[in-house]
Amino acid sequence: MNTSTIRTGEIVHAFRKAIWIEDDLWGARHVMVQHQAEGCEPFCYASFHYDHAYTSNSSTLAAAERVARELGAQGPIERRRRRFDVGIPSPQQLREQIAALQSMLDAAERAQAPRQE
Numbered sequence: 001m002n003t004s005t006i007r008t009g010e011i012v013h014a015f016r017k018a019i020w021i022e023d024d025l026w027g028a029r030h031v032m033v034q035h036q037a038e039g040c041e042p043f044c045y046a047s048f049h050y051d052h053a054y055t056s057n058s059s060t061l062a063a064a065e066r067v068a069r070e071l072g073a074q075g076p077i078e079r080r081r082r083r084f085d086v087g088i089p090s091p092q093q094l095r096e097q098i099a100a101l102q103s104m105l106d107a108a109e110r111a112q113a114p115r116q117e
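So in this note's numbering, the last one in the sequence shown is 117, and the numbering has no gaps at all.
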């Protein structure tokens, strides 16, 4: 008979975690989790996407709140708006993009030009 031993460990410290719900521009809800330790980035645990044919605002919020509570959220759950960064390019980035597009246009024109034999 094969017996195996499981080594046990001792919990030294359990980091608290913040749990909140983010709403985005398209009506989706995102359950976010972040450990309260230095260097820990927020993590999107679950997303509930909105589609008027299948969901409602109240159903996506209720689903997100259920998951947040299952993860340990207590009391009123914090709600945040998700950032929507359109990122306006700098003049130099625009010049680089224009040059790349011009290069692609030149290559397309060369490819379509009649061959001279």
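Here a beta-carbon is modelled for each residue, glycine too, at the ideal position from N, C-alpha and C.
Note that the C-beta distance between I21 and A64 is below 8 angstroms. Taking a contact as a CB-CB distance under 8 angstroms, the pair Y45 and T60 does not count as one, their CB atoms being some 15 angstroms apart. Around the beta carbon of R29, 16 or more other beta carbons lie within 10 angstroms, which makes this residue buried. With a cut-off of 8 angstroms on Cβ pairs, the stretch 89 to 98 is not in contact with the stretch 33 to 44, counting fewer than three such pairs. Counting every other CB atom within 10 Å of its CB across the protein chains shown gives F84 a total below 16, marking it as exposed. Residue environment analysis places F43 among the exposed positions, since fewer than 16 neighbouring C-beta atoms fall within 10 angstroms of its C-beta. Shown here for A68: same chain residues with a beta carbon closer than 7 angstroms to its own, the five before and five after excluded, namely I19, I21, V31 and I77 in chain order.
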